[in-house]
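Participant: Residue numbers (UniProt numbering), protein chains in the order written: chain A, 1 to 500; chain B, 1 to 500; chain C, 1 to 500; chain D, 1 to 500. C-beta atoms are modelled at their ideal positions from N, C-alpha and C, and glycine is treated no differently.
Protein chains: 4
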Amino acid sequence: MNSENLGLCEKRVSPSYVRQGAQARRGHEQLVRHLLEQGKCPEEGWNESTIELFLSELAIMDSNNFLGNCGVGEREGRVASSLVARRHYRLIHGIGRSGDIAAIQPKAAGSSLLNKLTNSVVLDMLKMAGVRSLAGCFVVPMATGMSLTLCFLTLRHRRPKARYIIWPRIDQKSCFKSMVTAGFDPVVVENVLEGDELRTDLEAVERKIEELGAENVLCVHSTTSCFAPRVPDRVEELATICAKHDIPHIVNNAYGVQSSKCMHLIQQGARVGRIDAFVQSLDKNFMVPVGGAIIAGFNESFIQEISRMYPGRASASPSLDVLITLLTLGASGYRKLLKERKEMYTYLAEELKKLAEAHGERLLHTPHNPISLAMSLGSFQARYPEAVTQLGSMLFTRQVSGARVVPLGNEQVVGGHTFKGFMSHSEMYPCPYLNAASAIGITRADVTLCIRRLDKCLRSLKKEAGVAGHKCDGADRGMENHRGAGQDVQEAGSADEGMA
Amino acid sequence: MNSENLGLCEKRVSPSYVRQGAQARRGHEQLVRHLLEQGKCPEEGWNESTIELFLSELAIMDSNNFLGNCGVGEREGRVASSLVARRHYRLIHGIGRSGDIAAIQPKAAGSSLLNKLTNSVVLDMLKMAGVRSLAGCFVVPMATGMSLTLCFLTLRHRRPKARYIIWPRIDQKSCFKSMVTAGFDPVVVENVLEGDELRTDLEAVERKIEELGAENVLCVHSTTSCFAPRVPDRVEELATICAKHDIPHIVNNAYGVQSSKCMHLIQQGARVGRIDAFVQSLDKNFMVPVGGAIIAGFNESFIQEISRMYPGRASASPSLDVLITLLTLGASGYRKLLKERKEMYTYLAEELKKLAEAHGERLLHTPHNPISLAMSLGSFQARYPEAVTQLGSMLFTRQVSGARVVPLGNEQVVGGHTFKGFMSHSEMYPCPYLNAASAIGITRADVTLCIRRLDKCLRSLKKEAGVAGHKCDGADRGMENHRGAGQDVQEAGSADEGMA
Amino acid sequence: MNSENLGLCEKRVSPSYVRQGAQARRGHEQLVRHLLEQGKCPEEGWNESTIELFLSELAIMDSNNFLGNCGVGEREGRVASSLVARRHYRLIHGIGRSGDIAAIQPKAAGSSLLNKLTNSVVLDMLKMAGVRSLAGCFVVPMATGMSLTLCFLTLRHRRPKARYIIWPRIDQKSCFKSMVTAGFDPVVVENVLEGDELRTDLEAVERKIEELGAENVLCVHSTTSCFAPRVPDRVEELATICAKHDIPHIVNNAYGVQSSKCMHLIQQGARVGRIDAFVQSLDKNFMVPVGGAIIAGFNESFIQEISRMYPGRASASPSLDVLITLLTLGASGYRKLLKERKEMYTYLAEELKKLAEAHGERLLHTPHNPISLAMSLGSFQARYPEAVTQLGSMLFTRQVSGARVVPLGNEQVVGGHTFKGFMSHSEMYPCPYLNAASAIGITRADVTLCIRRLDKCLRSLKKEAGVAGHKCDGADRGMENHRGAGQDVQEAGSADEGMA
Amino acid sequence: MNSENLGLCEKRVSPSYVRQGAQARRGHEQLVRHLLEQGKCPEEGWNESTIELFLSELAIMDSNNFLGNCGVGEREGRVASSLVARRHYRLIHGIGRSGDIAAIQPKAAGSSLLNKLTNSVVLDMLKMAGVRSLAGCFVVPMATGMSLTLCFLTLRHRRPKARYIIWPRIDQKSCFKSMVTAGFDPVVVENVLEGDELRTDLEAVERKIEELGAENVLCVHSTTSCFAPRVPDRVEELATICAKHDIPHIVNNAYGVQSSKCMHLIQQGARVGRIDAFVQSLDKNFMVPVGGAIIAGFNESFIQEISRMYPGRASASPSLDVLITLLTLGASGYRKLLKERKEMYTYLAEELKKLAEAHGERLLHTPHNPISLAMSLGSFQARYPEAVTQLGSMLFTRQVSGARVVPLGNEQVVGGHTFKGFMSHSEMYPCPYLNAASAIGITRADVTLCIRRLDKCLRSLKKEAGVAGHKCDGADRGMENHRGAGQDVQEAGSADEGMA
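Right under this line is the structure:
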């Protein structure tokens, strides 16, 4: 209410009470002022009423909510269903314009503000999460994979002759497809096994560059967050190689914002070498529904160039979700979630280790992977070949979601390329295993229940098969001879690969 | 409630009342059954309670809502903000999988059903709107332009050598950018002036094909819905040419679903020639928020091929919006909206005609454009060169949105290509003009208010300039000599171009 | 947003767009200003976004929503469930204070405003509906019956010796109970039969007053809205009698606001005689959920006296409902509903007449009842005694709600008093009948469906019983000899009596 | 979804995923089954989606939501505003019927279930909170005071001659008014001072009974929860006296459910003597919006008698609120709140004690009051007579709500009775004081902030007045000679008295 209306209120109820109400109103306005001024995530979260009031204020600035508007255009933000209007807080015009997804819409000052503020707040959070020297970013209502595609398409205009993308192998379909869809030829660089870990083969990368000719390479496409026993790429070294050869470098940081290690890799890579853009999922890092990604980088004009590649205006829904979420959590709330995730990682690792040992298996040693863990299943596989695939469906039935069972010898064709040992990021990983991850929002109950149910499944498998303990170690490496070809990957609730 | 619970209810309230309640429940279930069975838009719309009940039923089938779920994956559909969870009806997992945006998610039976049903219902509606022989379609949470890009990227795999897209000129940035972003060279074919109308130059198209070589042409990219005085492309003839030369044909049908004429063009094109896919906006045709498009075609396997190009899982938000909307409206409600739009087109044309004549201008004769109209502004321009640009901002201030003022001689560079006479779809349209459209959802009040305000603006302009009546006709064609270069396009509330 | 924040917005998006947004904001504020200034129902309804914005503004003025509040009282408006907080728009403190349901709460300026404005808007609507000289009213979150009780309890303090309430018979339990609960002895005055109508026996009323002594009579308790063939009491004449004897007069106007005739009776009664208060249901007149009533009168200080009788603060829920509803409808929307109701009354009468005649019955002639109609069932009863009761359950099963079947000879004890011919407002109404009413919000489909289903039921009854046509007229009066005692009233979906 | 529809789903998405969804559905149904079977508050709270699904299921059983219903009654549950329908979950018909607020409605099986279940769950919680031998209770949508009135009105029918209600003084307006409104003469029994506590004068009560004659006494009306230094009445002894004299006993347990001590008093009173009914606020005990109360007792038929006194059907809103809240919290959640409240009481007492001592005052010793505390203000009053009243408005301005400042010598007329020393429950309490309470939902931050702000206020008062420390003790009793008459009670944010 403006001061005139407050004055009128004073005629209806006691002025001193109205004045106190007006003062309370200013409290909300101060929060909004701070947000508009700083463009940063507030330290303490807002409550729902402040958020909803703020969104209402934005909505009434859009022309579809003007009381006196008359529209004779082809897109007037008319909404047929009030359920739909309501769930979007009446912000209907989306974000961006045909020329640029970051552009301001004349018809929609409120939606434009939403877009600008979201990008600004997200920038602040990425910095806080570890990429301090970040220059720019924007939310795009597309999957991480499709966002990577957009980055590659943008680079095409800078490097019209380039056909290849050098890509240290990571077995996620959309990751691979992002390059194929953009029309490039992915050059798969197999990982090297160091202890239990699968790590970037830097020499092979450099070799490939020389082999193909730097000018024919669109970019190097590296990955941070991934399933163990693969670990984040050696981003720092890759960045150095890219700088040296003047090749762009795009990082798939799918769910890496939640890990200070992944973010640190990117920060360091940019410091010592070259990173042109890195892309992360909104849903996996900020606990919002599937649907958006953040494209970020160290050179604002390149980031703008990407934003100008999106033809058309786009859904504001992912931006709205992440803005509401960050305003609700506040920076302190988000930090708390990150801290809890880290603690749960340790807890999950301990519990999984105990469980593995109790069943004659072991927790694979993958210290470079800060999110995902893997427990060997070699002894099960050895005694009872179907055990591994069966475990997947047992976990699915018991509502353990996200625990992936990875057998050996899986072969799959993706976008024309045949991957041997698909899902294990390697043509010949020594043993089958089970993945579990500590992702943002995980609770102690998730871990405890998962371990308990997993234990039951393993016991029941043993019973069925009479399997005795048999560790996955060097001696097991011969084991793959026994596995049948064409085994399907079996996961609990998900046979896919962690990048939307 | 299941029958066991209904039985328990009977112990608490009178059995005959509970039985009647149970019977009423069956009424809702019958609606759902019909939808699941037929996969079609119900003839009569559902009320909000049936819709919400149905969405709740879908949501509880997704693993993030399982009461006993434990999650150790990297994407578990956790949502930090209850505002966000609520606005998505707790459907968090999005649609599709990394391999295919149309794929089923093991973790999310409910969201998968939502996706399948939406595509099925939308298919039904596109058929009803006139494309009877449609084979397949899917909703994609991207702008029309970006969706066209996806189509072009898919075609690249079929025609790896092709570099060119032949494109009858339509002055919409995102339309042009959709080709540039995909990495192709648009070949602009200027329109021909027939009376007041700007129409496809079929000969020039065929000439270009021969010039470039059919095998080097990725596709012809035609347009239906557009701003007058441009009219829908001669889709039928273009389809025939494409068939003849074995060139793919992609149609931008941005807001054409709402017009039986546009839909008829596509249906005919597919019958007599070749149309590989046509793309339309969700928001512009179905009165939902900006954010989605429908990619449709006559060969189901090609449409699936496109859907498998999207790398990653995607936002379900546009699908949810359109499903809610179509269930709310029912087929009959949607038909009613189409009918009203048509009536309002006639009304708008009449009113605009009267107004034009009263001000010494005329309604351009563009009978082939079923949505957009144009009124000349030649006399205003002649007497008072700033009049045209000034009119744009006057309308903006008066909350007339969507009425575009198009001056002469505008020049603009889009994606590296220079367009002369930009916004007018022609290098030398004879007079400046003002556009108004009758789009779905328009009301009589929109038209009446717009005409009234426009009249006031024109009167006030005249006063200012002492402008007397001066029609836009043949004699005016020399007028462009007087216009200053670099004039900006001035629109009321929108300087953009009608395709999100 | 205040001007400071708008200024900050201008730094993020174009100032001219922000200014237009700010101007649009003023549009909403103007509506609020008008409401605060006039305290009247706006002529045109507000849209949902204005209403919700307004309610948010009220809510943030309540101390439970103060961002910096700390509470150490026993009632701090804390809410455990966010679903609950949300559904009340965070207005938690209710209305009134311990001393007075109309009082202002220091802790809750917003809720206090809600209360004041609601009472003011409702006053405006009652005037518009016909009681032009109304002086005051307030919404109370109690049933009409309980609100009448409160009126009687208030009168007790003015007339401590009085024990009796004179009450022209109306067969509604809560109506009778309202007097018994207040601790008074209802003196039932039987109605007289005039044609088909049951009307007030004015002479009997006056006789009773003289018999009991005016000083022993607390008040006359009359009724407007009622089921045909009873018609509204002769309020004008009763008011004159009350004035003459200096006896208070309380009118039960349960669902009479929707009828200009009922409202006119009250207006006239107050003009020529005495009416102390009249009470009406919120839900039945304003299409809100059950739960509130309006106590209104011509002497503001007496109305305040009643409001000060309610001990404690009360639910704001009914006030909130009616305020939202009236702001949504606007005065014009409400008038439209009243008009449609009247038209549907005529339509229902015509249809019922045709149906009755087709089945050898007749529509009872009750021109003084503007809402309820009755169709005789004498011939059915004559040939097949169970027909009448059976018809009730047939209609219930067929989801015809609100159609009451009234048999003859029902006897019931209510609050210690035995009513012969209960439900028919008379000890010896000549024939059984069926009631149907045209109440606010009724649609043409309601009438059409009801008539169609009723027709089917009657046909099927006839078949069963071989009943031939037999009109209810003078000759039928002997019919009651045949009816069995103790027959239950049978209604479709409701065996109760029209006053919550 | 029923099994038929699930079968159809399996044709659209993978049967195994649908089956898992169906299994998840059963999880929700099991919760509902348990509720229906047991009629008890679930031990663990439900999540929002289960609650909303359950409420939707109830709603579709009400006739206003029948898809095929046609209504020709005067009350059909039609709702004009969709905002209103939505906020009531489309449960429109309220609770009860004209004859009985606990009765089942033929038109509304769902609302009837809601009513029955709420009363059952609330009964369970009152038992859990300490009144183990409770026989019956019901929620009524009226203030505690109005609910007490209803109890008194019910008793009138049992004791038609009785005129008096014996009432140990408690300075809460609505408490006193509840008797006056019912038409009885309250007989005020002054409290006795024991140490700092004001306690029931049992001898005076018995003296009054003998003086007036037991048959002329409607009931004894005692109070549990109250502001310190008054403490809960000696309910046990009063119950014994009532039993001895065969006089009904009604207990005002306004916010006593949250205290095991208050509940224990009632349980004991019923065990050793007589308690006919006890009444408690919904909002103060269950953290819901103001608006409802629970009437409870040990003789089910008497409780039913009260429920049958309410004339008309009533708002379901308070029932809905408390049901949602208890399902959300679960029994465990509610117990947790009770435990925290107790802990905060101790914390508040400690902090207040320290503060008092720092300022030369003391925490009054009131061990029998388990909720409210009082800190003396004698020294402030002594040196600076305006200090006490000023403190009230200082706290109000600083958003400390609920902290009441009670000066000496206030005199007020309520319902015709003059109370000396009003607000202090005594004609001559020795010192002015400040109240603070630890009520359910209070947080540590509430206490900390309150103490800090209070400290600041006291410091600033001291500065202003140059007040030195001066304890409230025996020596202070002469102090009242100095106080000015007619001082107003000053509270922070509320000048009222703790019983809605």
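Taking only beta-carbon positions, decide if B:S56 is within less than 8 angstroms of chain C.
Facilitator: No, its Cβ sits nowhere closer than 8 angstroms to a Cβ of chain C.
Participant: By the 10 Å Cβ neighbour count, where 16 or more other Cβ atoms means buried, how is C:L6 classified, buried or exposed?
Facilitator: Buried, by the Cβ-count rule.
Participant: Name the residues in the segment 76-88 of chain B whose C-beta lies less than 7 angstroms from a C-beta of chain C; which are they?
Facilitator: Within the segment 76-88 of chain B, the residues whose Cβ lies closer than 7 angstroms to some Cβ of chain C are S82, listed in chain order.
Participant: Just reading off the beta strand (DSSP E) that B:T397 is part of, what are its end residues?
Facilitator: That residue, B:T397, is in no beta strand (DSSP E); its alpha helix (DSSP H) goes 387-397.
Participant: Does C:T418 pass the burial test, meaning 16 or more other C-beta atoms within 10 Å, or should it be called exposed?
Facilitator: By the neighbour-count rule (16 or more Cβ atoms within 10 Å), C:T418 is not buried but exposed.
Participant: Between the beta-carbon of B:V79 and the beta-carbon of A:M423, is there less than 8 angstroms?
Facilitator: No; because the gap between Cβ atoms is not below 8 angstroms, this pair is not in contact.
Participant: Helix, strand or coil for D:K40? Go by DSSP, reduced to three states.
Facilitator: Looking at D:K40 - three-state DSSP - the assignment turns out to be coil, as it is neither helix nor strand.
Participant: If you measure from the beta carbon of D:N65 to each beta carbon in chain B, is any gap under 8 angstroms?
Facilitator: Judged by the 8 angstroms Cβ criterion, D:N65 is in contact with chain B.
Participant: Mind checking if D:V18 is an interface residue toward chain B, Cβ cutoff 8 angstroms exclusive?
Facilitator: Yes, because at least one Cβ of chain B sits closer than 8 angstroms to the Cβ of D:V18.
Participant: Quick check on the DSSP output: the alpha helix (DSSP H) that includes B:G145 runs from which residue to which?
Facilitator: Start and end: 144-158.
Participant: Rounded C-beta distance between A:F176 and A:L218? I'm assuming under 8 angstroms.
Facilitator: Rounded, the Cβ-Cβ distance is 15 angstroms, inconsistent with contact.
Participant: May I ask which residues mark the beginning and end of the alpha helix (DSSP H) holding C:C242?
Facilitator: Run containing C:C242: 235-245, per the alpha helix (DSSP H) assignment.
Participant: Considering just the uninterrupted stretch of the beta strand (DSSP E) at A:Y164, what are its terminal residues?
Facilitator: Start and end: 164-168.
Participant: Do three or more CB pairs link the segment 196-207 of chain D to the segment 328-344 of chain D at distances below 8 angstroms?
Facilitator: No, because fewer than three Cβ pairs between the segment 196-207 of chain D and the segment 328-344 of chain D fall closer than 8 angstroms, the two stretches do not touch.
Participant: In whole angstroms, give me the CA-to-CA distance for A:M479 and A:P430.
Facilitator: The predicted position of A:M479 is uncertain, since its pLDDT is 28 and thus under 50; a value taken from the coordinates is nonetheless stated next. A:M479 and A:P430: Cα-Cα distance of roughly 8 angstroms.
Participant: Would you mind stating whether C:G73 and D:G145 have Cβ atoms separated by less than 8 angstroms?
Facilitator: No, they are not a contact pair.
Participant: I'd like to know whether the C-beta of A:M287 is nearer than 8 angstroms to at least one C-beta of chain C.
Facilitator: Closer than 8 angstroms: no.
Participant: So, for residue 576 of chain A: in the same chain, excluding its five sequence neighbours on each side, which residues have a beta-carbon less than 8 angstroms away from its beta-carbon?
Facilitator: This structure cannot speak to residue 576 of chain A, because chain A is shown only from 1 to 500.
Participant: Hey, is the segment 313-323 of chain D in contact with the segment 346-362 of chain D, meaning 3+ C-beta pairs nearer than 8 angstroms?
Facilitator: Too few Cβ pairs lie closer than 8 angstroms, so no.
Participant: What residues of chain A sit near B:P430, judged by a beta carbon separation below 8 angstroms?
Facilitator: Under the 8 angstroms cutoff, chain A gives no residues; its nearest Cβ is about 23 angstroms from B:P430.
Participant: Rounded to whole angstroms, what is the Cα-Cα separation between A:D473 and A:T366?
Facilitator: Reliability fails at A:D473, whose pLDDT of 44 lies under 50, so the model's placement of it is uncertain and no value is given.
Participant: With DSSP as the reference, please indicate the residues paired to D:S281 in a beta bridge.
Facilitator: For D:S281, which the question treats as bridged, DSSP gives the partners D:A293.
Participant: Return helix, strand or coil for B:Q381, following the three-state DSSP convention.
Facilitator: If DSSP states are grouped into helix, strand and coil, B:Q381 belongs with the helices.
Participant: Check the Cβ-Cβ distances between B:L36 and every residue of chain D, and say whether any is below 8 angstroms.
Facilitator: True, the Cβ-Cβ gap to chain D drops below 8 angstroms.
Participant: Report the neighbours of B:A109 on chain D: residues whose CB is nearer than 8 angstroms to its CB, in chain order.
Facilitator: Within 8 angstroms Cβ-Cβ: C9, V13, S14, Y17, V18, Q20, G21.
Participant: Enumerate in chain order the residues of its own chain whose CB-to-CB distance from B:R12 is below 7 angstroms, with the five nearest sequence positions on each side excluded.
Facilitator: Counting only Cβ-Cβ distances below 7 angstroms, and skipping sequence neighbours, we find nothing.
Participant: Just to confirm, are D:S307 and D:D100 a CB contact at a threshold of 8 angstroms?
Facilitator: Yes.
Participant: Give the secondary structure of B:F138 by DSSP, where H, G and I count as helix, E and B as strand, and everything else as coil.
Facilitator: Here B:F138 sits in strand by DSSP.
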